[in-house]
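Quick mapping for you: the protein sequence lines, in order, are chains A and B. Letter by letter, the first sequence follows residues 0 to 254 of numbering that gives the first Met the number 0. Letter by letter, the second sequence follows residues 0 to 434 of numbering that gives the first Met the number 0. C-beta: ideal position from N, C-alpha, C; glycine also.
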Amino acid sequence: MNIVVAIKQIPNLTDELEINSEGTGLDHDAVQYVLNEFDEHAIEEAVLTKESAGGSVTVIGVDTTGELNEALHTALAKGADKAAKVTGDYPRGTDSHTQAKLLADAIKGLAPEVVFAGVQAADDRDGQMGPMLAAHLGMPYVGVVTGVTASGGKIIVHKEYAGGVMAEFEVTLPAVIGVQAAHQPPRYAPVSKIRQIAKTAKADELSGGEAAGAGSTVRRMFKPEAAGHAEMWGDNADEVAEKIAGLLRDKGLLK
Amino acid sequence: MAVGLDKVRPENIHEEKSLILEGMDISGHWNRMFDPRVLTDYSVENLEKVAALPGGESLMWCYGCAKCTGVCPVDIVGDYSPRKIHRKTQAGMDLFTSPDLWLCTTCMNCLRVCPKEVNMIHIMPAVREQAVLNGEVPPELQKAFEDTAKHGNPLGQPQRKRADWAKSAGVPVPILKDLKRPVDVLWYVGSYPSYHPRGMDAARAAARIFNALGIDFGILGAEEKDDGDSQRLAGEKGLFEMLAEQNIAAFSKYEFNRMVVTGPHEFNAFKHEYPKYGGDFTVLHYTRFLVEHLDTLKPMLKKPLNPSTSSGRSLKVTFHDPCYLGRHNGEYDAPRELLRTIPGVELVEMGRCRENGYCCGGGGGGMWLDSHTKDHTQMRLSERRVREAAEYGAEVLAVCCPFEVSRFEDAAKSTGNDKLLVRDILELLDESMKG
Ligand code: SF4
Ligand code: SF4
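Now the structure itself:
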């Protein structure tokens with residue numbers, strides 16, 4: 000099975016996030032970029048699918064940082080067979096609409112049977128990468144998938160709904176799958192292996208076209224503003240219990 | 000060996016009614032006698048596989064004298080030593096997939112006595128690196144690798160919070176990025192002192208001591224990453240190299256005269272390994288650094304630490320030599336000198352001390368292999384060590400390696416030696432300065 004995984008770099012949320020001076024977005028130069036966590040699951044599910052059903056995995060992303068190689072080499076170390084990147088004048092934080100268009104153009108030429116993408120990303124959180132890819136490619140889309148089984152030109156996907164409801168879909172290929180979680184935790188790629196690969200591997204470079212436009216604009220971005228303040232009641236259990244009971248009584252919740 | 004410490008638990012001895020092993024029928028009662036198999040019956044393939052690795056060569060040199068077995072800390076709680084590894088490998092064991100691969104703490108006691116210089120400090124990382132590349136790593140160790148790769152520390156804590164401990168030190172802890180001027184001392188704090196609750200206690204104590212001594216110092220804060228030495232010894236060389244490059248880049252941004260480190264593993268890394276990657280700095284472990292300041296420090300140690308001064312009885316403190324400060328780097332005296340300077344303290348030596356010091360079990364990746372080691376030994380090395388401290392009547396077990404405080408405190412609890420206090424020397428000095 001010819002599997003393609005579309006990946007995206009996002010700001011590292013464990014870093015301190017800085018807002019730009021206009022107050023309209025992140026200060027992209029002040030944050031470090033890492034691979035979207037859901038994409039790590041997409042890569043894992045792709046490699047697992049390849050391991051069970053055969054075929055090959057190509058990982059592709061838009062290089063918005065000049066550092067995409069790191070993510071691509073990691074994917075190769077985890078078992079992907081090929082890596083490719085779309086290059087051009089795409090700054091850090093390029094919107095998901097533009098990335099979806101660029102990736103769709105590049106993926107067309109790869110003639111995939113199935114495309115995996117992370118179901119969402121922590122940067123714009125619109126969950127649109129997968130659906131837009133599918134629309135551009137003219138393929139069906141299933142999102143929030145937590146497991147894939149491939150057999151005989153079809154795949155069965157396991158999808159999660161709210162409230163713990165699960166469903167299984169039989170999907171006709173080619174299709175785009177938005178991965179919520181791989182059916183086992185993403186494997187660890189030893190840095191030793193990634194560094195070995197970095198010495199020899201080369202990602203195919205594809206030059207991309209025009210930016211597509213974000214489809215929405217952010218008017219104001221700001222850090223959470225404190226409203227009111229918490230009162231600390233100390234650490235004497237008896238006194239604190241007394242106060243809690245008093246408060247509940249005041250609010251009419253206790254008689 | 001202490002009474003009741005069988006090396007193999009009786010429940011682990013299985014007696015098969017009939018069994019054919021490697022083509023030989025060995026059915027019958029377990030104590031039936033067999034002719035020993037001649038060593039040349041075995042293929043040397045597995046031994047050659049180890050020896051073919053750069054660093055693995057010396058396993059071949061073993062001539063079976065067994066000097067190492069007597070001193071290996073893992074053998075004292077289990078069945079282990081370079082000699083045993085050599086023999087088992089010679090007789091067909093595949094070290095690359097054997098649980099034995101993960102038991103050595105790289106404590107170096109075997110190398111100290113080995114006439115043939117069989118060097119586990121090189122053999123183990125070489126073989127482990129292959130196991131890591133093949134994905135055959137105990138899950139708990141893999142988790143530590145992952146956390147280090149992702150967050151820059153094996154505890155999986157956020158990088159940006161690396162200096163948060165300093166907020167409650169009660170004294171200024173300047174961060175070099177904000178200081179914007181050269182300093183005398185770059186203090187490399189380390190991961191456990193930055194994030195582990197008991198490690199932070201030592202870090203705060205150090206900050207107060209440095210301030211009291213008027214040291215011109217700064218820390219890297221969020222620019223500091225784990226040194227990576229233990230990950231290297233556990234087989235993730237690439238991770239070590241990545242961290243070394245990042246740390247060296249951070250060190251090189253600032254002007255300082257020398258580096259002081261809280262931990263012996265960092266000391267070892269910066270002294271012996273980082274120069275190979277272009278990071279050549281003067282580095283001191285904090286014990287040696289403070290001994291240099293002993294004349295100023297001594298009058299500040301006003302409060303005697305003994306429980307009641309009137310009885311004249313002093314506090315019995317014993318000291319655990321960290322493998323990577325002692326055997327690996329030859330520093331035995333500085334920690335002892337500091338302890339002797341604290342009023343009210345009587346230093347009691349344990350039997351296994353100095354060159355023959357026991358190992359806490361945390362080195363060479365052992366810090367992150369607790370379950371694995373527990374499954375293949377009678378008791379944790381840290382548990383054996385606190386028992387020894389208690390046997391010598393110590394009230395305080397003093398340490399100067401950030402791996403050890405939590406290891407020994409847990410061990411003191413699990414062995415019923417709750418009364419034994421575990422303290423970093425920094426904490427004892429700080430306590431005495433409060434007088
Ligand atoms: S001390 Fe050295 S030569 Fe002797 S048994 Fe141990 S490893 Fe072999
Ligand atoms: S380095 Fe230490 S733990 Fe490892 S084999 Fe030698 S004595 Fe035993």
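Per-residue DSSP class, three states only, for residue i
i       : result
Y32(A)  : strand
D203(A) : strand
V131(B) : helix
F269(B) : helix
G363(B) : helix
M220(A) : coil
R8(B)   : coil
H327(B) : coil
W232(A) : coil
S190(B) : helix
D74(B)  : helix
Q89(B)  : helix
E43(A)  : helix
L420(B) : strand
Assigned exposure category for residue i - 16 Cβ within 10 Å defines buried
i       : result
C359(B) : buried
V46(A)  : buried
P124(B) : buried
S167(B) : exposed
D94(A)  : buried
C64(B)  : exposed
V2(B)   : With a pLDDT of 44 at V2(B), under the threshold of 50, the predicted position of this residue should be treated as unreliable, and no value is reported.
Y285(B) : buried
L252(A) : exposed
I243(A) : exposed
G233(A) : exposed
I9(A)   : buried
A5(A)   : buried
M231(A) : exposed
Contacts that residue i makes with chain D (C-beta to C-beta distance below 8 angstroms)
i       : result
I193(A) : No chain D appears in the structure shown, which is made up of the protein chains A and B.
Residue i beta carbon near ligand 2 (any heavy atom closer than 7 angstroms)
i       : result
N108(B) : yes
M119(B) : yes
T376(B) : no
S229(B) : no
V164(A) : no
S215(A) : no
C352(B) : no
P72(B)  : yes
C358(B) : yes
Straight-line Cα distance separating residue j from residue i
i       : j       : result
M0(B)   : V33(A)  : Any answer about M0(B) is weak, because its pLDDT of 39 lies below 50 and its placement is not dependable; what the coordinates show is given next. Taking the straight line from one Cα to the other gives about 52 angstroms.
A197(A) : M241(B) : 13 angstroms
K7(A)   : N35(A)  : 6 angstroms
P401(B) : G152(A) : 56 angstroms
A134(A) : E135(B) : 41 angstroms
V170(B) : F209(B) : 10 angstroms
G217(B) : S193(B) : 14 angstroms
V184(B) : A248(B) : 17 angstroms
E403(B) : A149(A) : 50 angstroms
M453(B) : M92(B)  : Residue 453(B) cannot be examined here, being either before or after the span of chain B that is shown, 0 to 434.
M366(B) : G60(A)  : 37 angstroms
A180(A) : R186(A) : 13 angstroms
L380(B) : H371(B) : 13 angstroms
Residue i beta carbon near ligand 1 (any heavy atom closer than 7 angstroms)
i       : result
P114(B) : yes
P81(B)  : yes
A65(B)  : yes
C103(B) : no
Y32(A)  : no
Between the segment 98-116 of chain A and the segment 30-48 of chain A, are three or more C-beta pairs nearer than 8 angstroms? They touch, by the three-pair rule.
Using 8 angstroms as the threshold, is the segment 325-336 of chain B in touch with the segment 350-365 of chain B, meaning 3 or more CB pairs across them? Because the criterion of three Cβ pairs below 8 angstroms is met, the segment 325-336 of chain B and the segment 350-365 of chain B touch.
Please confirm if the segment 419-428 of chain B is in contact with the segment 395-408 of chain B, defined as three or more CB-CB distances below 8 angstroms between the two stretches. With a cut-off of 8 angstroms, the segment 395-408 of chain B and the segment 419-428 of chain B count as touching, because enough Cβ pairs lie within range.
Segment contact, 8 angstroms Cβ cut-off, at least three pairs: the segment 101-113 of chain A with the segment 221-236 of chain A: They do not touch, by the three-pair rule.
Below 8 angstroms, how does it come out for the segment 223-243 of chain B and the segment 125-132 of chain B: are there three or more Cβ pairs, yes or no? The segment 223-243 of chain B vs the segment 125-132 of chain B: in contact.
Three or more C-beta pairs closer than 8 angstroms, one from the segment 78-92 of chain B and one from the segment 34-52 of chain B: is that the case here? The segment 78-92 of chain B is in contact with the segment 34-52 of chain B.
Looking at C-beta atoms only, is the number of pairs between the segment 48-64 of chain A and the segment 166-177 of chain A that lie closer than 8 angstroms three or more? No: the two stretches stay apart, fewer than three of their Cβ pairs being nearer than 8 angstroms.
Any chance the segment 101-119 of chain B sits against the segment 143-152 of chain B, with 3 or more Cβ pairs inside 8 angstroms? The segment 101-119 of chain B and the segment 143-152 of chain B do not touch, with fewer than 3 CB-CB distances between them shorter than 8 angstroms.
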